[in-house]
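One line per chain: the protein sequences are A and B, in this order. For the first sequence, our numbering assigns the number 1 to the initial residue and increments by one for each residue that follows. For the second sequence, our numbering assigns the number 1 to the initial residue and increments by one for each residue that follows.
Protein chains: 2
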Amino acid sequence: MPRLPPDFTAEIRKIVGERYLREGEAISAIDHGIAAENLGAGLVVFPGTTKEVAAVVRCCLAGGVPLVPQGGRTGLVGGAISRPGDLVLSTARLDRIHISPAERVAVVDAGVTLQALQTAAAEHRLETGIDLPSRGSATIGGMASTNAGGIAAFRFGVMRHRILGLEVVLADGSIYSDLTRVVKNAAGYDLKHLFVGAEGTLGIITRLAVKLEPQPAATATALFGLPSVDAALATVRRGLDAEYGHLRAAEAIWRTYFRLTSGHHRWPAAGYETGHPVNLLVTLGGAEEAALQSELGRIYEDVAAAHPDASAVIALSGAQEADLWRLREDTDLIYRKYPNAPSYDVSVPLSEIAPYLDRCLAELKRVDAAIDPYVFGHLADGNLHIVLNMAGGDIAAEKAAALERAVYRGIVAMGGSFSAEHGIGTKRVEALSAVSDPVKMALMHGIKAALDAPALLNPGKVLRRGSS
Amino acid sequence: MPRLPPDFTAEIRKIVGERYLREGEAISAIDHGIAAENLGAGLVVFPGTTKEVAAVVRCCLAGGVPLVPQGGRTGLVGGAISRPGDLVLSTARLDRIHISPAERVAVVDAGVTLQALQTAAAEHRLETGIDLPSRGSATIGGMASTNAGGIAAFRFGVMRHRILGLEVVLADGSIYSDLTRVVKNAAGYDLKHLFVGAEGTLGIITRLAVKLEPQPAATATALFGLPSVDAALATVRRGLDAEYGHLRAAEAIWRTYFRLTSGHHRWPAAGYETGHPVNLLVTLGGAEEAALQSELGRIYEDVAAAHPDASAVIALSGAQEADLWRLREDTDLIYRKYPNAPSYDVSVPLSEIAPYLDRCLAELKRVDAAIDPYVFGHLADGNLHIVLNMAGGDIAAEKAAALERAVYRGIVAMGGSFSAEHGIGTKRVEALSAVSDPVKMALMHGIKAALDAPALLNPGKVLRRGSS
């Protein structure tokens with residue numbers, strides 16, 4: 001078992017004070033988040049300022065101690081896993097929010113949760129332009145580090161597109177301070193984009209300037225039952241061309257998953273077929289709810305003119321709207337039925353979705369004829385979540401590899417992404433190097449070596465440990 | 001005078017063929033664009049494919065010949081300047097466009113002009129989300145290399161935010177191919193952002209996947225005369241909260257510049273005061289022109305309720321709309337009056353614009369009491385263009401430095417940018433290192449050394465020649 005250098009914990013304690021270094025028993029009071037291994041290091045520091053973060057980094061550098069930065073610990077791919085001999089750095093105490101309503105910009109510390117920022121922004125009729133189910137725990141720093149996505153990316157971009165400025169502690173303990181609050185900046189290389197999506201392997205994000213958007217006064221939601229992906233894409237385009245209001249969400253639910261959630265929740269009372277190949281949840285935003293509902297009605301008329309077998313239901317209350325969203329978001333139903341079910345998170349160019357799914361599902365069936373996956377996702381940006389109807393955990397390595405090949409095959413060549421919004425972490429390190437162009441991998445290693453030569457920042461994440 | 005290695009031109013000619021290497025007299029037929037020095041190298045190659053670009057790069061590497069990539073040669077800061085001993089690489093023959101209307105994505109070669117892409121996109125009721133006066137010459141590759149901005153950045157972001165994928169020839173002649181056509185991609189470091197805005201110093205962009213947006217069926221434009229920047233910012237917010245349609249442009253014209261353009265064009269016939277401190281051009285987009293004009297009327301009512309001295313005029317025809325835009329865009333009037341007038345392009349956080357301008361204008365007057373600059377710009381994103389009422393060209397170095405200090409002072413510290421959308425090129429290399437954090441400069445040099453150790457790609461642009 002790796003040992004920490006003598007006096008290391010004493011040095012760290014000097015930086016942050018007695019209360020803010022936890023080890024041994026005191027660790028058990030900390031929520032480990034998605035995986036117990038996140039706290040495997042058994043040593044967690046809670047710096048209260050950027051300068052303390054920098055001092056901690058310098059101390060790790062002097063002692064050769066690997067450092068694992070953590071936000072809300074909600075990541076799904078093991079990006080926050082730590083092990084004995086590492087030091088975990090929690091951003092929990094970095095929690096200040098400053099909103100400039102006139103600028104529609106928030107400057108926040110890395111440890112602020114998405115929900116805290118959403119609440120603060122809403123006071124000024126502003127919203128973050130990005131939303132995730134884990135909003136209560138996920139931090140803005142973690143979302144930047146993983147380049148988080150969510151349901152509004154087709155409209156407002158992913159986390160990278162929301163960030164105007166960054167402050168980052170670099171691997172040598174220096175501070176890169178670029179808290180720009182404007183969108184136009186052509187003053188040299190825009191280095192913040194190196195740190196966004198790098199999962200803490202190139203620096204530790206401590207503060208961010210984030211663009212906010214005006215919040216609409218009202219929203220309205222409908223569910224459409226459609227005969228094909230093409231019909232669903234045409235419905236998305238009709239939503240984008242809305243005469244009144246604007247499209248805020250376009251979430252697709254394929255038949256198998258729709259039957260699971262609608263069956264479990266005994267939805268609907270009547271009138272909506274559960275057998276449509278694709279169901280599409282559409283939300284509009286705008287000034288008046290009734291006018292938005294009328295627009296949804298006009299969208300249905302246009303869709304039905306082209307596809308007479310289409311169904312639609314428009315939510316007429318907040319409760320009905322929540323019921324519709326639950327059909328999309330209650331993914332726990334899958335994992336209760338199939339613990340640790342293998343799940344994939346891919347982006348597919350919109351015109352390739354239908355042929356991709358046909359091919360992928362056929363290939364999965366060739367691996368195991370019983371496979372009939374649950375498929376759902378963010379249709380307007382091509383992000384599909386594919387969850388298999390089988391328990392995970394003890395799948396043989398060979399079968400697991402065959403399943404991955406079935407899902408990932410051809411995806412980079414067709415202009416998609418094998419990891420759309422969950423990142424690489426530890427779980428997808430091998431897949432990244434299997435599907436990526438060697439030129440890209442060589443560049444990534446070159447960048448890692450240029451920014452973190454001793455490879456102490458979140459080692460083993462994104463790139464193989466010790467390979468740079 | 002630097003000499004090319006023996007056989008260098010013969011080698012290049014072998015790659016592209018006789019017709020596509022120009023030197024000597026044949027150079028004079030090429031449009032040098034914004035500055036004659038762009039073609040100072042006297043040697044221009046026109047590769048027809050990415051592979052030819054890669055072969056040219058390898059040939060330059062073998063011979064130690066600096067390579068200057070060029071698109072439309074419309075850059076304002078000398079980013080395309082070449083000198084004897086260099087080879088200019090023109091992307092003019094890289095001109096293919098492929099649009100996928102279902103995806104709202106274009107995959108284009110670097111040499112495609114913005115206008116050509118706009119025309120092709122419009123056939124599918126799509127638009128580029130970015131627009132510039134130099135659209136007829138500016139290329140998509142050049143716009144990516146300079147991270148171009150324009151009037152729609154507050155809504156659709158700058159060029160960086162429009163790019164889904166890139167293909168780049170690297171300094172060693174290898175090809176980085178990442179023609180992703182989706183917005184969500186968390187598959188390792190997102191290296192394309194290194195090349196966007198690097199002005200050709202880290203690689204040569206050869207192909208791009210660009211996000212398109214649905215084009216509205218109608219637009220409507222109004223001009224508001226307002227008592228202050230705060231009143232103008234409140235008008236922008238009211239436009240963002242439009243009940244019908246959406247805000248497409250919010251261009252501010254300060255009094256001195258407004259008097260110049262409105263006086264020259266004898267606008268208006270009657271009724272609109274030319275003495276307002278700030279004039280704001282507002283364009284809405286949406287389904288129906290008449291409904292958009294009504295919305296502009298409601299915006300005026302709200303503005304007038306808060307500011308009874310506000311004026312407004314709503315364009316009721318395409319000709320009237322063009323007249324209003326000319327008041328903003330006829331910047332040639334300045335340069336005809338003051339040839340080579342010193343001009344600056346800064347981004348200022350919205351809440352800082354009023355105090356910044358007060359301070360900046362006072363400081364400019366202390367340098368020269370006769371200065372009364374023309375100020376105009378993209379108010380919704382804080383991008384101000386400041387042009388001095390004095391001829392340029394023979395300003396003493398000391399005075400020029402004092403003018404720069406007056407404009408740039410404090411701008412980085414306040415979260416703005418001293419170079420918003422025009423880039424660094426050769427003209428702002430010294431200013432970049434003067435205003436930037438040394439940590440940023442060190443990182444930039446580290447990245448340049450990692451990606452282009454021999455420093456042959458567009459040397460002397462962004463970073464000092466021979467300083468990396």
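By construction, the Cβ of each residue, glycine as well, lies at the ideal position given by its N, Cα and C atoms.
From the options, pick the residue whose C-alpha is nearest to that of residue i; which is it?
{"i": "glutamate 352 of chain B", "options": "A/Ser419, A/Pro355, A/Glu103, A/Ile395", "result": "A/Glu103"}
{"i": "isoleucine 140 of chain A", "options": "A/Arg125, A/Ala234, A/Gly157, A/Val107", "result": "A/Val107"}
{"i": "serine 177 of chain A", "options": "A/Ala186, A/Val407, A/Lys192", "result": "A/Lys192"}
{"i": "glycine 225 of chain B", "options": "B/Val105, B/Ser436, B/Val44, B/Val313", "result": "B/Val313"}
{"i": "aspartate 31 of chain A", "options": "A/Gly71, A/Arg255, A/Val65, A/Thr9", "result": "A/Gly71"}
{"i": "glycine 297 of chain B", "options": "B/Gly142, B/Tyr244, B/Ala35", "result": "B/Tyr244"}
{"i": "glycine 285 of chain B", "options": "B/Ala319, B/Ala222, B/Tyr272", "result": "B/Ala222"}
{"i": "alanine 354 of chain A", "options": "A/Val53, A/Leu233, A/Ala305", "result": "A/Leu233"}
{"i": "aspartate 385 of chain A", "options": "A/Asp452, A/Asp368, A/Leu361, A/Ala402", "result": "Residue identity check: residue 385 of chain A is histidine in the sequence provided, not aspartate. The option with the nearest alpha carbon to histidine 385 of chain A is A/Leu361."}
{"i": "proline 227 of chain B", "options": "B/Pro101, B/Glu289, B/Ala450, B/Pro277", "result": "B/Pro277"}
{"i": "valine 407 of chain B", "options": "B/Leu457, B/Pro342, B/Gln293, B/Leu324", "result": "B/Pro342"}
{"i": "alanine 218 of chain B", "options": "B/Ala455, B/Leu316, B/Glu288, B/Ala35", "result": "B/Glu288"}
{"i": "aspartate 241 of chain A", "options": "B/Gln215, B/Thr235, B/Phe258, B/Arg259", "result": "B/Gln215"}
{"i": "valine 57 of chain A", "options": "A/Lys448, A/Ile175, A/Thr274", "result": "A/Ile175"}
{"i": "glycine 460 of chain B", "options": "B/Ala35, B/Leu61, B/Ser82", "result": "B/Ser82"}
By DSSP, does residue i sit in helix, in strand, or in coil?
{"i": "histidine 378 of chain A", "result": "strand"}
{"i": "alanine 397 of chain B", "result": "helix"}
{"i": "proline 355 of chain A", "result": "helix"}
{"i": "histidine 385 of chain A", "result": "strand"}
{"i": "leucine 327 of chain B", "result": "helix"}
{"i": "threonine 426 of chain A", "result": "coil"}
{"i": "glycine 225 of chain B", "result": "strand"}
{"i": "leucine 456 of chain A", "result": "coil"}
{"i": "isoleucine 15 of chain A", "result": "helix"}
{"i": "glutamate 421 of chain B", "result": "coil"}
{"i": "serine 433 of chain A", "result": "helix"}
{"i": "valine 108 of chain B", "result": "strand"}
{"i": "serine 262 of chain B", "result": "helix"}
{"i": "asparagine 38 of chain B", "result": "helix"}
{"i": "arginine 22 of chain A", "result": "strand"}
{"i": "threonine 283 of chain B", "result": "strand"}
{"i": "valine 53 of chain B", "result": "helix"}
{"i": "threonine 274 of chain A", "result": "coil"}
{"i": "histidine 246 of chain B", "result": "strand"}
If you draw a straight line from the C-alpha of residue i to the C-alpha of residue j, how long is it?
{"i": "isoleucine 15 of chain B", "j": "alanine 144 of chain B", "result": "26 Å"}
{"i": "arginine 470 of chain B", "j": "aspartate 358 of chain B", "result": "Absent from the model: residue 470 of chain B. The displayed extent of chain B is 1 to 468, so no value can be given."}
{"i": "leucine 132 of chain B", "j": "glutamate 37 of chain B", "result": "23 Å"}
{"i": "histidine 11 of chain A", "j": "arginine 22 of chain A", "result": "Strictly speaking, residue 11 of chain A in this sequence is glutamate, with histidine absent from that position. If I take the Cα positions, the gap works out to 13 Å."}
{"i": "asparagine 279 of chain A", "j": "leucine 247 of chain A", "result": "16 Å"}
{"i": "serine 468 of chain A", "j": "glycine 415 of chain A", "result": "Model confidence at serine 468 of chain A stands at a pLDDT of 46, short of 50, so the residue's coordinates are unreliable and nothing is read from them."}
{"i": "serine 419 of chain B", "j": "alanine 291 of chain A", "result": "43 Å"}
{"i": "threonine 261 of chain B", "j": "arginine 336 of chain B", "result": "12 Å"}
{"i": "glycine 17 of chain B", "j": "glycine 111 of chain B", "result": "19 Å"}
{"i": "leucine 272 of chain B", "j": "arginine 125 of chain B", "result": "Looking at the sequence shown, residue 272 of chain B is not leucine but tyrosine. Approximately 35 Å between the Cα atoms of the pair."}
{"i": "alanine 478 of chain B", "j": "threonine 426 of chain B", "result": "Given that chain B is displayed from residue 1 to residue 468, the structure contains no residue 478 of chain B and the question cannot be resolved."}
{"i": "threonine 9 of chain B", "j": "aspartate 109 of chain B", "result": "25 Å"}
{"i": "leucine 379 of chain B", "j": "valine 282 of chain B", "result": "10 Å"}
{"i": "threonine 50 of chain A", "j": "aspartate 345 of chain B", "result": "32 Å"}
{"i": "arginine 3 of chain B", "j": "phenylalanine 46 of chain B", "result": "21 Å"}
{"i": "glutamate 469 of chain B", "j": "glycine 382 of chain A", "result": "Residue 469 of chain B cannot be examined here, being either before or after the span of chain B that is shown, 1 to 468."}
{"i": "leucine 463 of chain A", "j": "alanine 186 of chain B", "result": "13 Å"}
{"i": "histidine 445 of chain B", "j": "threonine 235 of chain A", "result": "48 Å"}
Assuming residue i and residue j are in contact, meaning their beta carbons sit under 8 Å apart, how far apart are those beta carbons, in whole angstroms?
{"i": "phenylalanine 195 of chain A", "j": "glycine 188 of chain A", "result": "Contact flag wrong, Cβ pair sits at about 16 Å."}
{"i": "alanine 391 of chain A", "j": "tyrosine 338 of chain A", "result": "5 Å"}
{"i": "phenylalanine 154 of chain A", "j": "arginine 162 of chain A", "result": "The pair is not a contact, with the Cβ atoms about 14 Å apart (cut-off 8 Å)."}
{"i": "leucine 326 of chain A", "j": "histidine 265 of chain A", "result": "Residue 326 of chain A is actually arginine in this sequence, not leucine. With a Cβ gap of about 6 Å, arginine 326 of chain A and histidine 265 of chain A count as contacting."}
Check whether the Cβ of residue i sits closer than 7 Å to any heavy atom of the ligand ADP, and report yes or no.
{"i": "aspartate 358 of chain A", "result": "Among the ligands in the structure shown, none appear at all, so the ligand ADP cannot be discussed."}
Are the CB atoms of residue i and residue j nearer to each other than 8 Å?
{"i": "glutamate 213 of chain B", "j": "glycine 149 of chain B", "result": "no"}
{"i": "tryptophan 254 of chain A", "j": "phenylalanine 376 of chain A", "result": "yes"}
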